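One structure is given here, and the rest of the page talks about it.
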Amino acid sequence: MSTPPSPTVQPATGRLGVLTVGLGAVASTLIAGVELVKRGQALPIGSLTQMATIRLGKRTDGRSPMVKDFVPLAKLEDIVWGAWDVYPDDAYVAASRAGVLDGGKHIEAIAEVLRDVRPMPAAFERKYARNLEGEHIKADIGKRAMLEAIREDINRFRDDKQVDRIVMIWCASTEIFIEPGPAHMDLESFDAAIDADDEMIAPSMLYAYAAILEGVPFANGSPNLAVDTPVLRKLATERNVAICGKDFKTGQTLMKTVLAPMLKARQLGLSGWYSTNILGNRDGEVLDAPENFKTKEESKLGVLEDILEPAKNPDLYGNVFHKVSINYYPPRGDNKEGWDNIDIFGWLGYPMQIKVDFLCRDSILAAPLALDLVLFMDLAQRAGLGGIQEWLSFYFKSPQVAPGLYPEHDLFIQLTKLKNTLRWMMGEDPITHLGREYYDEG
Ligand SMILES: NC(=O)c1ccc[n+]([C@@H]2O[C@H](COP(=O)([O-])OP(=O)(O)OC[C@H]3O[C@@H](n4cnc5c(N)ncnc54)[C@H](O)[C@@H]3O)[C@@H](O)[C@H]2O)c1
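When we follow my numbering, the leftmost residue of the sequence shown carries the number 19, and every step to the right adds one.
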């Protein structure tokens with residue numbers, strides 16, 4: 019199949035408004051981090067857009083620019099922040115409360131700019147996250163009015179801050195589990211469900227709908243359905259608005275999508291994968307409710323099956339016991355500990371074990387992904403790429419893909435796809451790693 023022609027990418031002139039839904043641990047760590055980096059007070063470690071290089075041409079060509087010098091990304095200096103949250107805390111209070119960053123070193127130095135990011139009242143209903151008690155909400159106005167209020171918020175933000183473009187990113191809590199149903203199939207049913215205040219319409223769907231209607235790209239860092247419904251997928255494609263999700267791939271699933279492809283590459287068998295976590299931040303508290311955890315569980319469980327494809331290799335992967343749990347344990351705060359016990363088998367069926375104990379920091383891992391997503395979604399929109407941005411699967415536990423496609427979970431295939439998309443956008447040849455040219459010439 020031939021490669022489609024490269025798009026024309028509009029330059030990143032002017033200011034980029036970034037609207038975070040949720041101003042909790044991830045969003046405040048993102049905002050504080052970018053502000054520190056802008057001032058030369060920290061390095062954007064973990065961010066591919068800021069730290070990585072990209073090889074162009076042959077290995078012998080010696081062309082490996084920084085990604086940010088190769089594609090026209092918005093500059094960090096041009097980002098303007100806005101947010102919604104269920105609590106009225108500004109980004110200074112949110113960052114201090116989240117306990118992720120060292121206050122003396124990483125919050126006080128930029129206190130003024132953090133205090134300036136004050137959230138707008140959230141479109142929120144407690145039934146979707148019952149462990150949250152904030153009252154900074156668009157209360158009891160019905161879903162249609164909530165949708166219109168979000169649209170007004172977007173436009174007010176655009177005017178007040180005089181931004182040229184906007185990206186919205188969901189950094190808010192995980193909602194209760196909702197399966198796609200008739201209400202999510204087409205615009206007529208979706209609008210009727212909104213008017214009827216149908217509980218199948220979660221707040222995340224209203225934010226996503228509002229974003230698409232306002233031409234604002236929407237990235238979903240949680241496992242909520244949000245924009246991953248047939249109706250919003252279609253609308254985003256028709257209106258040429260970039261969308262992507264779901265659920266930042268940060269800790270345990272990041273490990274899983276590196277280790278599982280290794281097992282498969284070496285044709286080693288798997289009999290069980292037991293994953294458990296302790297974490298004590300507000301995300302952990304929300305996920306302590308079983309109906310919210312179910313949403314996360316679905317997002318985490320799909321990965322192994324998609325990577326290992328048991329139907330194609332039943333001897334190795336036909337009988338895998340896979341269990342994932344998250345335990346709310348306040349003393350650890352945002353510093354999650356994720357354990358994996360992996361029972362594998364090799365030559366002639368002899369059993370072996372792998373143990374992983376990842377003492378990670380949730381928001382420290384998530385913030386650079388959120389930054390990359392914001393910058394790449396803005397790039398995609400300027401390149402005229404509407405609909406699902408599958409090339410950003412690299413960032414997600416449960417990548418959104420076109421109907422009928424299985425998601426690609428292998429981290430290194432995802433990285434190749436991402437970089438080849440950047441090469442394609444800029445009119446460079448994709449890198450296939452075939453490498454015959456080094457041996458066939460002369
Ligand atoms: N490593 C990670 O941190 C990681 C990885 C994957 C996914 N996530 C997801 O990212 C999201 C954010 O994580 P966090 O640690 O910052 O959580 P958090 O609880 O610190 O912050 C979420 C914020 O969203 C607000 N909120 C909830 N519903 C809202 C709504 N309808 N509108 C506006 N605000 C709303 C809450 O009040 C809270 O302040 C969660 O869904 C989490 O599951 C995080």
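C-beta atoms are modelled at their ideal positions from N, C-alpha and C, and glycine is treated no differently.
Since the structure is predicted, the reported quantities are computational estimates derived from the model, not experimental observations.
Heavy atom of ligand 1 within 7 Å of residue i beta-carbon
i: W102; result: yes
i: A226; result: no
i: D390; result: no
i: P22; result: no
i: C262; result: no
i: Y347; result: no
i: Y105; result: yes
i: T462; result: Given a span of 19 to 460 for the chain in the structure shown, any question on residue 462 remains unanswerable.
i: T148; result: What sits at residue 148 in the sequence shown is Arg, not Thr. No, Cβ of R148 sits at least 7 Å from all heavy atoms of ligand 1.
i: V52; result: no
i: G35; result: no
i: A237; result: no
i: G152; result: yes
i: G320; result: no
i: P221; result: yes
i: A163; result: no
i: L383; result: yes
i: T268; result: yes
Interface flag, residue i vs chain E, CB-CB below 8 Å
i: A401; result: Here chain E cannot be found, since the structure has a single protein chain.
Whether residue i touches residue j by CB criterion (8 Å)
i: I2; j: V55; result: No answer is possible for residue 2: it lies beyond the span of the chain, which begins at 19 and ends at 460.
i: V185; j: V36; result: yes
i: A140; j: W102; result: yes
i: D204; j: R33; result: no
i: F266; j: L387; result: yes
i: D428; j: T271; result: no
i: V39; j: R379; result: no
i: N310; j: E130; result: no
i: L410; j: G269; result: no
i: I344; j: N295; result: yes
i: I155; j: Y225; result: no
i: P137; j: P106; result: yes
i: Y146; j: A220; result: yes
i: S24; j: M444; result: yes
i: S289; j: D375; result: no
i: M223; j: L243; result: yes
i: R251; j: G405; result: yes
i: G356; j: S293; result: yes
i: Y413; j: D396; result: no
i: F363; j: G287; result: yes
Environment of residue i [buried if 16+ CB atoms lie within 10 Å]
i: V44; result: buried
i: T78; result: exposed
i: F394; result: buried
i: P2; result: Residue 2 is absent from the model: the chain starts at 19 and stops at 460.
i: Q399; result: buried
i: A329; result: exposed
i: F339; result: exposed
i: T47; result: buried
i: E170; result: exposed
i: M164; result: buried
i: A229; result: buried
i: T247; result: buried
i: P241; result: buried
i: F430; result: exposed
i: A157; result: exposed
i: K76; result: exposed
Start and end residues, beta strand (DSSP E) containing residue i
i: G468; result: Only positions 19 to 460 of the chain appear in the structure, and residue 468 is not among them; the question remains open.
i: N337; result: Element bounds for N337: n/a, residue is neither H nor E.
i: E355; result: E355 to F363
i: R183; result: R183 to W188
i: L34; result: L34 to V39
i: P221; result: Where P221 is concerned, there is no enclosing beta strand (DSSP E), although the alpha helix (DSSP H) it sits in stretches over P221 to L231.
i: M69; result: Counting along the chain, M69 falls outside any beta strand (DSSP E), though it belongs to the alpha helix (DSSP H) covering L66 to M69.
i: F236; result: F236 to N238
Enclosing alpha helix (DSSP H) for residue i [first to last residue]
i: R251; result: P248 to E256
i: S381; result: D380 to R400
i: N438; result: L429 to M443
i: F412; result: No alpha helix (DSSP H) holds F412; DSSP gives it neither H nor E.
i: K179; result: K161 to K179
i: M280; result: Q270 to A283
i: V44; result: A43 to K56
beta-carbon residue i near ligand 2 non-hydrogen atom, thresh 7 Å
i: F142; result: Among the ligands in the structure shown, ligand 2 does not appear; only ligand 1 can be found there.
Within 8 Å, do at least three Cβ pairs link the stretch 303-313 to the stretch 280-291? no
Does the count of Cβ pairs from the stretch 261-271 and the stretch 415-425 closer than 8 Å reach three? yes
How about the stretch 87-105 and the stretch 439-452: do they share at least three Cβ pairs that are nearer than 8 Å? yes
Per the contact definition of three or more C-beta pairs closer than 8 Å, is the stretch 55-67 in contact with the stretch 202-217? no
Hey, is the stretch 282-296 in contact with the stretch 229-243, meaning 3+ C-beta pairs nearer than 8 Å? With a cut-off of 8 Å, the stretch 229-243 and the stretch 282-296 do not count as touching, because too few Cβ pairs lie within range.
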